[in-house]
Amino acid sequence: MSAPTDKRPGDRARDPAPDAASGATPATGFGPAGGEPAARPYHHPTAGWGAARSVAKVVARAKEPVDATRLMVTMNHPDRGFDCPGCAWPDDQHGLHLDLCENGIKHSTWEMTPKRVDRDFFAAHTVTELSSWADFDLEDQGRLVGPLSYDPDTDRYLPISWADAFALIGEVLRGLGSPDEALFYTSGRLSNEATFLYQLFAREYGTNNLPDCSNMCHEASGRALTASLGTGKGTVDLNDLDTADALFVMGVNAASNVPRMITTLAHAYRRGAQIVHVNPLVEAAAGRTIVPHEFAAMATFRSTPTGTMNLQPRIGGDLAFLRGVAKAVLESAEHEPEAVDREFLERFTEGFDAYRDLCAATPWEDLEQASGLTRRDMRRAARVYTEASSTIVAWCLGITQQEHGVDTVREIVNLLLLRGNVGREGAGPCPIRGHSNVQGNRTCGIDHRPKDAFLDRLDEVCGITAPRAPGLDTVHGIQAMHEGRATVFVGMGGNFVRAAPDHEYTEAALRNCELTVQVSTKLNRSHLVHGRRALILPCLGRTEKDVQAGGAQSVSVEDSMSMVHLSRGMKRPASPHLRSEPAIIAGIARATLPDSATPWEGYVEDYDRIRDTMQRALDGFEDFNRRVRGPHGFRLRQPARERVFRTASGRAEFSLAPLPDPSPGEGLLTLATVRSHDQWNTTIYSSDDRYRGLHNLRTVVLLNATDMRDRGLADLDPVDITSIARDGTRRTVRGYRAVTYDVPRGSAVGYMPELNSLCAIGDFSPQSDQPLMKHLTVEVVAHTP
Ligand SMILES: Nc1nc2c(c(=O)[nH]1)N[C@H]1C(S)=C(S)[C@@H](COP(=O)(O)OP(=O)(O)OC[C@H]3O[C@@H](n4cnc5c(=O)[nH]c(N)nc54)[C@H](O)[C@@H]3O)O[C@H]1N2
Ligand SMILES: Nc1nc2c(c(=O)[nH]1)N[C@H]1C(S)=C(S)[C@@H](COP(=O)(O)OP(=O)(O)OC[C@H]3O[C@@H](n4cnc5c(=O)[nH]c(N)nc54)[C@H](O)[C@@H]3O)O[C@H]1N2
Ligand SMILES: [Mo]
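Numbering (our numbering), first residue to last: 917 to 1701.
Below you can see the structure in the form of structure tokens.
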């Protein structure tokens, strides 16, 4: 089957690779083309027929309505079917088999397309030509069907056998001066089993260079929770969310990015819980939303409220907001002693007195200035908090992709500790993880800073000698490639050149490599921005049957709430030449480490054998093969949930962060990059953002009415956006459209990944090493042609 080469998507006017240096970014957008841009902000059309229509469109595009319908009944099913490859929100445990969402369906059918990008396609298009296509058009060609190798003479990808591909990787890796010259990236969809093999291979080979998407996502949460509570994860489960009196929902666009959380919020509202949304934007979930599985409601447009209070801090203002709430709670405690949980504070925490003094010493004026909220707002939130007998604080990227992300997550914990809201029913911290298995990746060893205890055990169980020196994360890995210190990049999933900051710098870094290897399901820009030698290795997707010598295999994943369960694909693979991720890792390992003591082939024959090793090497995986086959799998032990705090002091530790001043400076704005409703990270399904009222418009910046007026801008006026990096360098995108939106003054919002070109490689948080994707300092001016 040949790709529709007559379609010539490259013909349409577009420029998918914004050239920040020359400022050549056009206003045409990166998604599918068509129609005039339109904006009807302040308008939250609730998910109703809109959602149904949107799903229908994607399912129709996939041309597999039967499979898509079957998919809906098997996805997230407790004892058969595959785990939704979308977000990491847990499955409903009460037999709600149809707890699925518009975006999960879109995401799964995206993988099930009947289109194929085969050898004829690559024969017809050079890499240079493909580089001029939009990201949407690249992925829209369909599934990759066989391994490919870049041929510099013809500037084309040519078919290569699996054996030759593995041999090439082995030869290059064995020839490096040091294993630390190679980077092994993971995007958060890799199964636990593949993850375990991947990190085992990297460490047996000799490096901890395991950058992952977490380095751009929830690294701050992991570090903060470890410092405060001695665990890198949240402590709550769905039962807690069903019993909490108050929920604080911070820095997340739940209706688009964690749609099944809406089910939880609607239940909470109906039983009378308070739901406080803290977000510079009033997102759809802060109002009324359709509960994903309530099809009857969808048909009758019956929406459910999912919020009781809205607070709009300035971008980066959350730490000050949280401290203001804590200050108000502590003020109340002076005349209402029960406002804080004295017994808990004395028995389980460290540093309370110093924290109380810090709050008392911080003037309200400073808190108002830094948060962008009034003291009245902060007192109102404190009232909700003190009146609730149990409280959960949930958060996502609005909190973590900030310079002070770690301090802010620790401040969330400080606030929870004041009322003993950790380690009891209905209470605790709840980071909302992104990719479906990003939490499992860390649990199973993807960590560039592994603990010695983890490595000691890995060495003993697997008979290797893992290196002890810390490895490189995403930002430092890119810098190493740029400077020639790293020369091999292996991407296990993901679309690294688009997801990473500073497109121009990152692209130069990858082009500087000796070898780039991308293990992928679909064509994407990371295949076109490659090293001197380059391979594309196509793999099975989560929806597909994985049959090995030992029969049909299942893999496991861990959700946001530490539940580990099996996932089994049921679709015929997109091509007989695809290999599973464990098989690809084993192939690379065998070619690189001919004398390896690891039974790579045995592991691939039967994934139970990988799990048998994992249960000996990893904490909490005892009896893995049996327990994972239970109806909902099993929950990993969470010591902090039992009030066991594995910190230096053995107690939950208060932090004493200085109050940051997040104001951008005179005439400047703080820009946060976010996702639209119709995208999955670097995959754009359409140029619409339904809940935010934007249509056919991705090259957009949302501004406060006063900021628009100050710049003499009217809606949809073209503007140029220039970021000012810490080192003074400037990056510009041109011809974007400004749209008036309900955001605080001084705050601006636009879309990732287009705007990643504005995020300088050096602008990362010193606390988490995360790029400041929600905290760019920018200047927005009327466009000059
Ligand atoms: N459909 C869909 N689902 C997804 C994804 C997807 O791309 N598409 N991506 C997945 C991944 S990997 C992740 S990590 C998650 C991401 O899920 P989200 O965290 O919802 O991702 P963003 O779209 O980046 O939105 C961040 C939110 O933070 C708010 N925000 C920005 N700055 C601040 C701030 O300073 N303070 C506060 N309080 N809020 C702020 C923005 O207004 C926005 O609502 O979603 C996952 N689920
Ligand atoms: N400016 C800005 N940048 C950001 C963010 C932001 O908010 N703002 N968010 C960051 C965050 S939170 C994250 S998590 C990263 C995401 O970064 P990545 O995880 O690197 O990017 P994705 O877009 O999720 O990856 C999509 C690609 O994965 C491949 N793929 C899909 N399914 C499979 C599979 O089953 N196996 C394999 N091997 N490959 C598969 C497909 O080829 C597809 O093109 O982006 C980060 N970048
Ligand atoms: Mo993420």
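A virtual CB, placed ideally from N, CA and C, is assigned to each residue, including glycine.
- Note on geometry: alpha-carbon atoms of A1343 and L1157 lie some 8 Å from one another.
- Just so you know, the alpha carbons of T1316 and I1076 end up roughly 41 Å apart.
- Y1607 sits in a helix when the DSSP states are folded into three classes.
- For F1260, the enclosing alpha helix (DSSP H) starts and ends at 1258–1264.
- When the beta-carbon positions are compared, Y1271 and F1570 come within less than 8 Å of each other.
- Out of G1447, A1573, R1553, the CA that lies nearest to the CA of Q1683 is found in A1573.
- The DSSP assignment places 1225–1227 as complete runs of the beta strand (DSSP E) inside the segment 1220–1276, in order along the chain (cut-off: 3 residues).
- If you look at W1516, you'll find it isn't in any beta strand (DSSP E); it sits in the alpha helix (DSSP H) that goes 1516–1521.
- Scanning the segment 1300–1354 for uninterrupted beta strand (DSSP E) segments of 3 residues or longer gives 1307–1311, 1344–1347, listed from N- to C-terminal end.
- Residue state for Y1657 is assigned as coil, using DSSP reduced to three classes.
- Its Cα nearest to that of V1616, the residue L1587 stands out among T1598, H1364, G1644, L1587.
- Its chain contains M1166, L1227 as the residues whose beta carbon lies nearer than 6 Å to that of V1194, once the 5 sequence neighbours on both sides are disregarded; these appear in chain order.
- With contacts defined by Cβ atoms closer than 8 Å, P1634 and R1653 form a contacting pair.
- Classified as exposed, L1074 has fewer than 16 neighbouring CB atoms from the shown chains inside 10 Å of its CB.
- Non-local C-beta neighbours of G1002 in its own chain, meaning closer than 8 Å and more than five positions away in sequence, comprise C1017, N1019, G1020, H1023, S1024, S1352, W1596, ordered along the chain.
- When secondary structure is reduced to three states using DSSP, P1454 falls in the strand class.
- Nearest Cα to A1162 within the set G1203, T1222, A1118, C1133: T1222.
- The DSSP-derived three-state label of R1059 is strand.
- With the criterion CB distance below 6 Å from any heavy atom of ligand 3, the matching residues run C1129, C1133, G1350, H1351 along the chain.
- In the three-state DSSP reduction, Y1114 falls in the helix class (H, G or I).
- At a cut-off of 7 Å, the beta-carbon of P1669 does not count as near ligand 1: no heavy atom of the ligand is closer than that.
- When the alpha-carbon of T1437 is set against those of I1452, F1540, A955, the nearest one is in I1452.
- In the displayed model, M1397 falls within a helix according to three-state DSSP.
- Distance from the CA atom of C1000 to the CA atom of Q1355, rounded to whole angstroms, is 15 Å.
- Taken through DSSP and simplified to helix, strand or coil, I1637 comes out as strand.
- When C-alpha distances from L1145 are compared across P1701, P1515, L1332, D1522, the shortest belongs to L1332.
- Bridge partners of F1164 according to DSSP: V1192, V1309.
- Residue nearest to E1120 within the set M1689, D1372, T1693 is D1372 (criterion: CA-CA distance).
- In this structure H1446 does not touch T1459 by the C-beta definition: roughly 28 Å separates them, more than the 8 Å allowed.
- Distance from the CA of T1151 to the CA of A1171, rounded to the nearest whole angstrom, comes to 23 Å.
- Put simply, the backbone Cα of P1063 is about 10 Å away from that of D1034.
- A1402 is classed as buried because its beta carbon has at least 16 other beta carbons within 10 Å across all chains shown.
- Taking the Cα of D1462 as reference, the smallest distance to any Cα among T1514, T1508, R1449, V1520 is reached at V1520.
- V1198: not part of any beta strand (DSSP E); DSSP gives it neither H nor E.
- Around the CB of T1648, 16 or more other CB atoms lie within 10 Å, so the residue is classed as buried.
- Not one heavy atom of ligand 1 falls within 7 Å of the beta-carbon of C1378.
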